[in-house]
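See structure below.
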Amino acid sequence: GESVGLHLPTLSVQEGDNSIINCAYSNSASDYFIWYKQESGKGPQFIIDIRSNMDKRQGQRVTVLLNKTVKHLSLQIAATQPGDSAVYFCAETAGGSNYKLTFGKGTLLTVNP
Amino acid sequence: ETGVTQTPRHLVMGMTNKKSLKCEQHLGHNAMYWYKQSAKKPLELMFVYNFKEQTENNSVPSRFSPECPNSSHLFLHLHTLQPEDSALYLCASTRAGTALSPLHFGNGTRLTVT
């Protein structure tokens, strides 16, 4: 079946470095992608989204890259801070329907001071 | 603070108890969702309501019963649960329509079934 997955379950970086979290998806019909951040004891928090008609989108300190050819999504965090430590999920949906979001298992990002 | 509020934050219940989880969104959204989050597993969609009508039941056992009285409130009624139902239950909402919009989540109810 279709799935969304992450290449690495954990990522450890030094404060101030840039972080890159990767995500692979298998549904070629996926047209909307979202990154979420989940801190301990909280629900997933929306970070940034991208539609399939784009290959890059930037937010505040974050950039999402979409490569539809290889079905790959990445989240780049610039100048990573201790407050960025969390689990990061990618999610995708196809067919213009938002409600059937498929989530990956998540990557735990740890920022070392 | 999130615009989606879930109560209670923690719940411990026996297998014969009946309890309810509550969710309220203050974002003016018209679609609401229940997700289950278990350790080391992706988020699992349980139910979807669009404009108060249930549009998705993702093969959820009948011991979970959702209720959506209006577009701002969502309940999950629990009855005769099993220990494997212990998980974080997340409510989410979005603006349903032609434009794609991300889900906004509450902080969840941590459920423990003893």
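Protein chains in written order, with my numbering: chain A, 1 to 113; chain B, 114 to 227.
Each residue gets a CB set at the ideal place from its N, CA and C atoms; glycine is no exception.
From the options, residue whose alpha carbon lies closest to that of residue i
i                   : options                                : result
cysteine 204/B      : Gly210/B, Cys181/B, Pro196/B, Gln195/B : Cys181/B
glutamine 150/B     : Thr69/A, Thr110/A, Lys105/A, Leu109/A  : Lys105/A
alanine 91/A        : Thr10/A, Gln81/A, Lys71/A              : Lys71/A
glycine 127/B       : Thr120/B, Ala209/B, Leu191/B           : Leu191/B
threonine 129/B     : Leu194/B, Asn171/B, Gly116/B, Thr120/B : Leu194/B
glycine 116/B       : Leu216/B, Lys153/B, Ala209/B, Glu157/B : Leu216/B
alanine 200/B       : Gly43/A, Pro113/A, Ile47/A             : Gly43/A
isoleucine 48/A     : Phe33/A, Ala24/A, Lys100/A, Ala86/A    : Phe33/A
leucine 189/B       : Asn170/B, Pro155/B, Leu213/B, Lys153/B : Asn170/B
threonine 118/B     : Val125/B, Leu124/B, Lys132/B, Cys136/B : Cys136/B
phenylalanine 160/B : Asp17/A, Thr63/A, Leu101/A             : Leu101/A
leucine 158/B       : Trp147/B, Val125/B, Pro179/B, Ser175/B : Trp147/B
serine 206/B        : His139/B, Val226/B, Lys154/B           : His139/B
threonine 109/B     : Arg208/B, Lys131/B, Pro121/B           : Any property of residue 109/B remains undetermined from this structure, which presents chain B solely from 114 to 227.
aspartate 198/B     : Leu156/B, Gly141/B, Thr225/B           : Thr225/B
glycine 210/B       : Pro121/B, Gly141/B, Leu134/B, Val125/B : Gly141/B
arginine 176/B      : Asn220/B, Thr222/B, Ser133/B           : Ser133/B
tyrosine 36/A       : Thr93/A, Tyr25/A, Ala94/A, Ala86/A     : Ala86/A
valine 62/A         : Pro113/A, Lys68/A, Tyr88/A             : Tyr88/A
threonine 93/A      : Ser28/A, Pro82/A, Ala79/A              : Ser28/A
tyrosine 25/A       : Pro113/A, Phe103/A, Thr107/A           : Phe103/A
glutamate 166/B     : Phe218/B, Met145/B, Leu124/B           : Met145/B
proline 9/A         : Pro174/B, Thr168/B, Gly219/B, Pro155/B : Pro155/B
Supposed close pair residue i, residue j - CB separation, criterion 8 angstroms
i                : j                : result
serine 30/A      : leucine 109/A    : The pair is not a contact, with the Cβ atoms about 23 angstroms apart (cut-off 8 angstroms).
asparagine 163/B : asparagine 143/B : 7 angstroms
isoleucine 21/A  : leucine 75/A     : 5 angstroms
leucine 213/B    : arginine 51/A    : 7 angstroms
CB contact below 9 angstroms: residue i versus chain B
i              : result
glycine 104/A  : yes
threonine 93/A : yes
arginine 114/A : This structure cannot speak to residue 114/A, because chain A is shown only from 1 to 113.
lysine 100/A   : yes
glutamine 76/A : no
tyrosine 81/A  : A small correction: the amino acid at residue 81/A is glutamine; tyrosine does not occupy that position in the sequence shown. No - not a single Cβ of chain B is within 9 angstroms of the one on glutamine 81/A.
glycine 1/A    : No answer about glycine 1/A holds up, because its pLDDT of 31 lies below 50 and its placement is not dependable.
histidine 7/A  : Caution applies to histidine 7/A, whose pLDDT of 46 falls short of 50 and renders its modelled position unreliable; the value that the coordinates give is listed next. No, histidine 7/A lies away from the interface with chain B (no Cβ there is under 9 angstroms from its Cβ).
Residue-level contact to chain A via CB, residue i, 9 angstroms cutoff
i               : result
glycine 219/B   : yes
alanine 200/B   : no
glutamate 180/B : no
proline 121/B   : no
leucine 203/B   : yes
proline 215/B   : yes
valine 117/B    : yes
Relative to chain B, which residues along the stretch 11 to 43 of chain A have a C-beta separation below 9 angstroms, given in chain order?
-> Asp31, Tyr32, Ile34, Tyr36, Gln38, Gly41, Lys42, Gly43
In chain order, which beta strand (DSSP E) runs of at least 3 residues are fully inside the stretch 18 to 97 of chain A?
-> 19 to 25, 30 to 38, 45 to 51, 56 to 58, 62 to 67, 72 to 77, 86 to 94
Identify each residue in the stretch 47 to 60 of chain A for which the Cβ-Cβ distance to at least one residue of chain B is less than 8 angstroms, and report them in chain order.
-> For the stretch 47 to 60 of chain A, residues whose beta-carbon sits nearer than 8 angstroms to a beta-carbon of chain B comprise Asp49, Arg51.
Anything in the stretch 139 to 155 of chain B with a Cβ closer than 9 angstroms to a Cβ of chain A? List those residues in chain order, please.
-> Ala144, Tyr146, Tyr148, Gln150, Lys153, Lys154, Pro155
Below 8 angstroms between beta carbons is the criterion; list the residues of the stretch 156 to 190 of chain B that meet it against any residue of chain A, in chain order.
-> Leu156, Leu158, Val161, Asn163, Thr168, Glu169
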